[in-house]
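Please read the structure below before turning to the comments.
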Ligand code: NAI
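In the working numbering, the protein residues as written are -3 to 345.
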């Protein structure tokens, strides 16, 4: 079904507020989730609300966090999220990073002790909208088989990047370092669809097409994706003095406990490296160049990263956002589920 963006945001906000989040925090989380749905990243949109609401209601997300921002150098800082909603802490930390990069050219901010923060594109876009380059990486629960391994060690550890062009356009890349994000498996489950056999493995380590049979995910490009997820775990875990590798908390392990996750934002101010207008012109030029590349057989066009999501956002803005009926039914119901996700394995089973 289709639903207007503001209506979806309001439904999410009301549900999270009912679960125990303050109105202010519920509004921000709803904004991040609707951002994802509006860009077609449904794996990180409204479908997460049922899990968040259960965790909030059980005390596994701090509803009254004491955020602390501590500058540790001219271009560095630690933002302590006190295990509040990750979306809220990551957004506030990015606001600080933007300010710091405006003044000093660069900002590296470690966001410590947070809960799940959703689609990282939201945070790098905050920077791009201010004519800055945004980079963000974060830990997620261990569910990926390292190259050559038969057991999970790293998370789907995403990397996001955004750079501004002219006229409020920007180029943006945002991906899990697995062939697919775990949320895509959840999305396939919610729609009762099969998955390609290149995404994940079953208990025996064999490729599977059944989203309900998934026991571990696969890194992108074998040892290369595995290397990237290692890098993310060091930057957003070990560097911030947080649990790392397979000691990172699991999403569904115990919904009464805090997750203590880490995220790292890097913001670069182009003005400290080159002429800003020239930079914006050249980013727009590279977007245009990419679009003018001759498409390979079977492709209609070569898109720059983030372009299809931006086009979808414009279409959804006009015609409403596509969401699964069951999710809508849950959102309009007065229910906060008590036992859908708690004490499950990494794959919610
Ligand atoms: P995806 O596979 O949907 O897209 C990956 C990237 O490829 C995007 O930048 C997209 O713009 C680009 N792309 C896709 N098709 C393209 C095409 N035809 N031409 C040009 N570029 C194209 O993303 P993925 O890996 O499924 O991640 C989804 C979301 O999950 C992300 O927002 C990520 O931040 C989030 N995530 C969050 C986690 C967390 O713990 N907070 C953990 C893992 C993922």
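Where is the CB? At the ideal position from N, CA and C, for every residue including glycine.
Asked, Found
"Residues near residue 51 in its chain [Cβ-Cβ closer than 7 Å; skip 5 each side]", "57, 251"
"Buried or exposed by the 16-neighbour rule on C-beta atoms within 10 Å, applied to residue 330", "exposed"
"Residue 121, buried or exposed, once every other Cβ within 10 Å from all chains shown has been counted against 16", "buried"
"Closer than 6 Å: residues whose CB approaches a heavy atom of ligand 1", "37, 39, 40, 112, 113, 114, 115, 116, 117, 134, 136, 152, 154, 156, 169, 170, 171, 172, 176, 177, 179, 180, 299, 301, 302, 304, 305"
"Residues near residue 31 in its chain [Cβ-Cβ closer than 6 Å; skip 5 each side]", "118"
"Three-way DSSP call (helix, strand, coil) for residue 190 in this model", "coil"
"Own chain, CB closer than 7 Å to residue 280, minus 5 neighbours either side, in chain order", "161, 162, 165"
"Meets three-Cβ-pair contact criterion under 8 Å: the region 100 to 115 and the region 242 to 257", "yes"
"Three-state secondary structure assigned by DSSP to residue 246", "coil"
"Whole-angstrom distance between residue 5 and residue 307, CA atom to CA atom", "20 Å"
"Where residue 128 sits in the DSSP three-state scheme", "coil"
"Per-residue DSSP class, three states only, for residue 230", "helix"
"Beta-carbon proximity check, residue 155 vs residue 136, cutoff 9 Å", "no"
"Short Cβ contact (9 Å threshold) for residue 1 with residue 312", "yes"
"Three-state secondary structure assigned by DSSP to residue 2", "helix"
"Cβ-based neighbour list, residue 158, same chain, cut-off 6 Å, excluding 5 preceding and 5 following", "120, 121, 124, 130, 166, 168"
"For residue 282, the three-state DSSP class (helix, strand or coil)", "helix"
"Residue 53 - containing beta strand (DSSP E), residue span", "Run containing residue 53: none in the beta strand (DSSP E); it sits in the alpha helix (DSSP H), 45 to 53."
"beta-carbon residue 273 near ligand 2 non-hydrogen atom, thresh 8 Å", "Absent from the structure shown: ligand 2. Ligands present: ligand 1."
"Proximity of residue 265 and residue 151 at Cβ, strictly below 9 Å", "no"
"Cβ-Cβ separation, residue 53 to residue 65 (assumed contact under 8 Å), whole Å", "With 8 Å as the limit, residue 65 and residue 53 do not qualify as a contact, their Cβ atoms being about 28 Å apart."
"Chain-order list of residues whose beta-carbon lies under 6 Å from that of residue 193 (same chain, five-residue window excluded)", "203, 205"
"Anticipated Cβ contact below 8 Å, residue 350 with residue 107, distance rounded", "The question about residue 350 has no answer here: the residues shown for the chain are numbered -3 through 345."
"Exposed unless 16 or more other CB atoms sit within 10 angstroms - verdict on residue 208", "exposed"
"Of the listed residues 339, 15, 247, nearest to residue 139 (C-alpha basis)", "247"
"Cross-strand partners of residue 150 (DSSP beta bridge)", "140"
"Contact between the region 75 to 90 and the region 13 to 33 (3+ Cβ pairs under 8 Å)", "yes"
"Per DSSP, the bridge partner or partners of residue 197", "203, 212"
"Cβ shell of residue 212 (< 8 Å), same chain only, five flanking positions each side left out", "139, 140, 141, 147, 148, 196, 197, 201"
"Straight-line Cα distance separating residue 324 from residue 236", "38 Å"
"Residue range of the unbroken alpha helix (DSSP H) whose run includes residue 64", "Here residue 64 belongs to no alpha helix (DSSP H); instead the beta strand (DSSP E) covers 64 to 69."
"Boundaries of the alpha helix (DSSP H) in which residue 322 is found, first to last residue", "321 to 328"
"Short Cβ contact (9 Å threshold) for residue 86 with residue 262", "no"
"Same chain only: Cβ atoms within 6 Å of residue 332, ignoring 5 sequence neighbours per side", "15, 49, 53"
"Spatial distance of residue 153 from residue 134 (CA atoms)", "6 Å"
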